[in-house]
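Numbers in our numbering are just positions in the sequence shown, counted from 1, shifted up by 3. Positions of the beta carbon are idealized from the N, C-alpha and C atoms, including for glycine. What follows is one structure encoded as structure tokens, with my remarks underneath.
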Amino acid sequence: MAVATQEDFVRLDDTGLTDEELFERVPQDVSAVEKITAPRYSYWHSVFRVFFRKKTNIIILVMFAVIIAFTYVYPAVMGYDRYGNIMDAAAKHLSPREAIEKFGFSIRWIFGTGASGQSTFDSMWYGARISLSLAFLCTIINFSIGIVVGAIWGFSKKVDLVMNEVRNVVSNVPGTLIISVWVLVFSPSFGTLLFAMCVTGWIGIAYALRTQVIIIRDREYNLASRCLGSSTARIALKNILPFMISFIVTVMAQQIPAYIASEAFLSYIGLGISDTTLGKILYNSQSAMVTPGWEWEFWCPVMLSAFISVVLFLIGQNLGDAADPRTHM
């Protein structure tokens, strides 16, 4: 690359042009000094822009929409009666082919029938409605409490001392044991199981958020904001929360499938809800797992539970990545 020398530059005096010909006078505009010409930044607009940039995320969202439709809309439209064919001995434990031959082709018979002659397909989605509702409510309650307590826990040293002792005590008791005791003491119902899964479920979430708050709160920009007179609430909402959303969404993605698995496990060992859930279906179809020709009754709910968990996990993971401000550049 050639290096420019002094001879390559032209003196303005040598051009023979006047100042009016060389320069254009621009009128002074005081308001233009403060005007920001860059496009306005929107956090949530950037989140969804990054999220929908991946075509796979759209496919996953379509799968999630199908799950929601079959979970909440399908049972309401088609109806569900688990004892509708209980008096018909020929309708029990039918394979998909046998069920279609007996009742005619319909989507409700594509997975055969169960021990009471009910449609396995209908039972799965009716059970998924209760299991998903329980998981969503547990997530909302635990994260609502956990976010508030975790933020206070991370900012207050006095609260930190007390909550650390509480966590040390609770964390040494298995969560399954706590839930089992509550269910055994009180009658197993949706409300009892919801309360049992939330009574201490928020502590782990609050502790994880407390750790993140401690890491972020003492960064230079937060110290500068505090020196300029910003309140703790403003620092928490404006400076810390945007960096926490990615972490919160990622943890949510892990917790929702965990709640579904917990309900299924409790129902499988006989401590679940008396109504039809995915776990209750698995509990009632244990013998079908090893009975030739009846395997559909067990493995179809297992595959549905796995499918729902994977879809929810992928949505949460990808949404968590998109919520990270560092991906908005």
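For THR116, the residue or residues it bridges with in DSSP: On the sequence shown, residue 116 is found 113 positions in, with the first residue counted as 1. Paired residue(s): SER122.
Starting from HIS48 and walking both ways along the alpha helix (DSSP H), at which residues does that stretch end? Reading the sequence shown from its first residue, position 45 is the one you call residue 48. Per DSSP, the unbroken alpha helix (DSSP H) holding HIS48 starts and ends at 46-56.
Can you tell me whether DSSP reads LYS241 as helix, strand or coil? Looking up residue 241 in the sequence shown gives position 238. Residue state, collapsed to three classes: helix.
Answer yes if the region 112-122 comes into contact with the region 285-304, meaning at least three C-beta pairs across the two stretches below 8 Å, and no otherwise. Touching, yes.
Helix, strand or coil at TRP297 according to DSSP, with G and I counted as helix: As a first step, residue 297 must be located in the sequence shown, where it is residue number 294. Looking at TRP297 - three-state DSSP - the assignment turns out to be coil, as it is neither helix nor strand.
Straight-line CA distance for TRP47 to GLY153? As a working mapping, residue 47 is identified with position 44 in the sequence shown. As a working mapping, residue 153 is identified with position 150 in the sequence shown. Each residue's CA atom was taken as its position, placing TRP47 and GLY153 some 23 Å apart.
Can you tell me which of LEU244, PHE73, PHE106, VAL76 puts its alpha carbon nearest to the alpha carbon of ASN88? Along the sequence shown, read from residue 1 onward, the residue named residue 88 stands at position 85. Distances from the alpha-carbon of ASN88 to those of LEU244, PHE73, PHE106, VAL76 put PHE106 closest.
If you compare alpha carbons, which of SER136, ASP278, VAL69, LEU322 is closest to TYR262? Numbered from its first residue, the sequence shown carries residue 262 at position 259. Of SER136, ASP278, VAL69, LEU322, the residue nearest in Cα terms is SER136.
Kindly indicate which residue of ALA92, SER122, ILE62 has the alpha-carbon position closest to the one of GLY82. By one-based count along the sequence shown, residue 82 stands at place 79. When each option's Cα is compared against that of GLY82, the closest is SER122.
Buried or exposed, going by whether 16 or more other CB atoms sit within 10 Å of the CB of ILE318? Start at 1 with the first residue of the sequence shown, and residue 318 comes out as number 315. ILE318 should be labelled buried.
Close-in-space but distant-in-sequence residues of the same chain around ILE70 (CB under 7 Å, 5 per side omitted): Numbered from 1 along the sequence shown, position 67 holds the residue referred to as residue 70. In its chain, beyond the 5 residues on either side, ILE311, VAL314 have a beta carbon closer than 7 Å to the beta carbon of ILE70.
Helix, strand or coil for HIS96 per DSSP? As a working note, residue 96 is residue 93 in the sequence shown. Looking at HIS96 - three-state DSSP - the assignment turns out to be coil, as it is neither helix nor strand.
Looking at C-alpha atoms only, which residue of ARG28, TYR77, LYS160, PRO99 is the closest neighbour of TYR129? Along the sequence shown, one-based indexing puts residue 129 at 126. That would be TYR77, whose Cα lies nearest to the Cα of TYR129.
If contacts are defined as beta-carbon pairs under 8 Å, then ALA325 and PHE158 qualify, I think. What distance do you get, rounded to the angstrom? The residue you call residue 325 lines up with position 322 of the sequence shown. The residue you call residue 158 lines up with position 155 of the sequence shown. Between ALA325 and PHE158 a beta carbon distance of about 27 Å is seen, past the 8 Å cut, so the two are scored as non-contacting.
By the DSSP assignment, the alpha helix (DSSP H) with GLN215 in it spans what residues? Along the sequence shown, one-based indexing puts residue 215 at 212. Counting along the chain, the alpha helix (DSSP H) containing GLN215 begins and ends at 204-220.
Can you tell me whether ASP125 is buried or exposed, with buried defined as 16 or more other CB within 10 angstroms of its CB? For this step, residue 125 is matched to residue 122 along the sequence shown. Buried.
Coil, strand or helix - GLN257 by DSSP: As a working note, residue 257 is residue 254 in the sequence shown. The answer is helix: DSSP assigns GLN257 an H, G or I state.
Nearest-angstrom beta carbon gap, PHE146 and ILE208 [assumed within contact, 8 Å]: Taking the sequence shown and counting its residues from 1, the one referred to as residue 208 is at position 205. Taking the sequence shown and counting its residues from 1, the one referred to as residue 146 is at position 143. About 6 Å; that satisfies the 8 Å criterion.
Whether or not the region 250-258 and the region 205-223 are in contact is what I'm after, with contact meaning three or more pairs of Cβ atoms, one per stretch, closer than 8 Å; do they touch? With the rule of 3 Cβ pairs closer than 8 Å, the region 205-223 counts as touching the region 250-258.
Just checking my contact of TRP185 with GLY149 at CB under 8 Å: how many whole Å lie between their CB atoms? In the sequence shown, counting from the first residue as 1, residue 185 sits at position 182. In the sequence shown, counting from the first residue as 1, residue 149 sits at position 146. Rounded, the Cβ-Cβ distance is 19 Å, inconsistent with contact.
Using 7 Å as the threshold, is the C-beta distance between THR203 and VAL172 below it? Taking the first residue of the sequence shown as 1, we reach residue 203 at position 200. Taking the first residue of the sequence shown as 1, we reach residue 172 at position 169. Remark: C-beta atoms of THR203 and VAL172 do not approach each other more closely than 7 Å.
Assumed close pair SER134, GLY282 - CB separation to whole angstroms, cut-off 8 Å: As a first step, residue 134 must be located in the sequence shown, where it is residue number 131. As a first step, residue 282 must be located in the sequence shown, where it is residue number 279. With 8 Å as the limit, SER134 and GLY282 qualify as a contact, their Cβ atoms being about 7 Å apart.
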